[in-house]
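A.B. asks:
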Amino acid sequence: MTIDYIRKIQNAKDSPSKQKTLIEYNKRRIARSYEENLENMHLLRYLTEDDYVSISVHHQKQEDWGWYLQSTALLSSDLCNGDTFYDEDYKDYFIIKNLQRTMHFWDFDLVACNYILRWQNSNRVVCEQPCVIISASQYNSGERSNKVMTLGTNQIMVRMQITDETLILKSDKRMFVDYDKTHPKVYRITRIDTVTRAWNGRGYLEIVFTEDTYNVDTDNIEEMLCDYLPEADKDIQISYRGEPEIRKSGVKTFTSNIPVTWSVNASYITIVEMDDMHLKIKCDNDDTVVGNTFDVVADTVSINMKVVGLL
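Numbered according to the working numbering, the sequence shown spans residues 10 to 320.
1) Short of 7 Å in beta carbon distance, which residues of its chain neighbour D73, apart from the five on each side in sequence? Order them along the chain.
2) Who are the near neighbours of V62 in its chain, counting only those whose CB is closer than 7 Å to its CB and skipping five residues on each side?
3) Give the straight-line distance between the Cα atoms of I177 and V134, rounded to the nearest whole angstrom.
4) Beta strand (DSSP E) containing A145: first to last residue?
5) Considering only their Cβ atoms, is the gap separating I247 from V273 smaller than 8 Å?
6) Pull up the distance between the alpha-carbon of V298 and that of V260, whole angstroms please.
7) Just list the beta strand (DSSP E) runs in the segment 152 to 204, keeping only unbroken ones of 3 residues or longer that don't cross its boundaries, in chain order.
8) Within 10 angstroms of the Cβ of G210, are there 16 or more other Cβ atoms? Answer buried if so, exposed if not.
9) Please determine if the segment 223 to 230 and the segment 199 to 206 are in contact, where contact requires at least 3 C-beta pairs separated by less than 8 Å.
10) With burial defined as no fewer than 16 other Cβ atoms inside 10 Å of the residue's Cβ, what is the status of N294: buried or exposed?
11) What separation, rounded to the nearest whole angstrom, lies between the Cα atoms of Y237 and T309?
12) Check for me: the beta strand (DSSP E) holding K106 runs from which residue to which?
13) Between which two residues does the beta strand (DSSP E) harbouring C292 extend?
14) Do C140 and E174 have their C-beta atoms closer together than 8 Å?
15) Just verifying my parser: in three-state terms, what is the DSSP assignment at L56?
16) Determine the closest residue to V336 out of K100, V317, T262, Q28, with distance taken between C-alpha atoms.
17) Does DSSP classify V225 as helix, strand or coil?
18) Between P193 and I230, which are expected to be in contact by the criterion C-beta below 8 Å, what is the C-beta distance as a whole number of angstroms?
19) Tell me whether E72 sits in a helix, a strand or coil according to DSSP, three-state version.
20) Hey, how far is the Cα of D101 from the Cα of M233?
21) Taking the alpha-carbon of H67 as reference, which of M50, V306, E58, D60 has the nearest alpha-carbon?
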């Protein structure tokens, strides 16, 4: 049997060896089995709208992280430890742990999330993140006392996916972590690790929370938010000096009342400075653009500007 014959019967192209040809054949066979297996889970990648991944579950177990599903997925799935998925049928979230790449597929543990953390970011926007929570307390009474009051000393370990919002969490951030919505416990971040479980910016955080005291003045049990502040006004208001116009070779600055994404639809306009609250633009020194109009866009708000001459 020659390599040419192997390539022909298995429809493999550009294979440098018999071994490589067989590997490619096995990959195609495994891909077909994922499509045909009715027991596969089709999970939605968290924070996306239509990115589904087919995952084959082989065994279930319960260990230190909680409830595990030993699973595999095709290499084309582009997975990383910490990636989080949503099961639309059973309304469950899962996070990937112990990811290993074999020659043919990904092998990993799919861990069921047991809580959804809820907090406000610096812009007062409410954030939510599914996570896995385990106890990090020693075997003690869970309380310490003085002459004034008795305080809880429980600690928990939280593992959750690295995202733009979770990555900027800092120590002393306080959150409710409790299914009791009448008298929920408050926890404060006392240690956060953003590095050791990350790979090229992807992965998961390990956060230690220590039990804290409830503040009746700032903590909102109804919203399940600690240090609660009413959400900022979402109506975008853009301010600038003068009329809605810019002189040729001139500059103009725009300011938003809330963070926005800016854009300008004119090639003769240069963005000089920009952040999520401010935009500074400059017009080309070109007589041919005088009289032209263009739009400065801040998210859903558009401001029509006109180019005028120097006089």
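Where a beta carbon is used, it is the ideal one built from N, C-alpha and C, also for glycine.
C.D. replies: With the structure as the only source:
1) These residues qualify, in order along the chain: I143.
2) So the qualifying residues of the chain are L52, R54, A82, S86, F94.
3) Distance between the alpha carbons of I177 and V134: 14 Å.
4) First-last for A145: undefined, no H or E at that position.
5) Cβ distance not < 8 Å, so V273 and I247 don't count as in contact.
6) Cα-Cα distance, rounded: 15 Å.
7) With a minimum length of 3 residues, the continuous beta strand (DSSP E) runs that stay inside the segment 152 to 204 are 152 to 154, 159 to 161, 164 to 170, 183 to 185, 195 to 202.
8) The residue in question, G210, is exposed, as its Cβ has fewer than 16 Cβ neighbours within 10 Å.
9) The answer is no - the segment 199 to 206 does not touch the segment 223 to 230, with fewer than three Cβ pairs under 8 Å.
10) Exposed.
11) When the Cα atoms are used, Y237 and T309 turn out to be separated by approximately 27 Å.
12) Secondary structure note for K106: its beta strand (DSSP E) is the uninterrupted segment 101 to 110.
13) Counting along the chain, the beta strand (DSSP E) containing C292 begins and ends at 287 to 292.
14) No; because the gap between Cβ atoms is not below 8 Å, this pair is not in contact.
15) Residue state, collapsed to three classes: coil.
16) In this structure the chain extends from 10 to 320, so residue 336 is not present and cannot be described.
17) Here V225 sits in coil by DSSP.
18) In this structure P193 is in contact with I230, their Cβ atoms being roughly 6 Å apart against a cut-off of 8 Å.
19) In this structure, DSSP gives E72 an extended state, which the three-state scheme calls strand.
20) In a straight line, the C-alpha of D101 is about 20 Å away from that of M233.
21) Of the candidates M50, V306, E58, D60, the one whose C-alpha sits nearest the C-alpha of H67 is M50.
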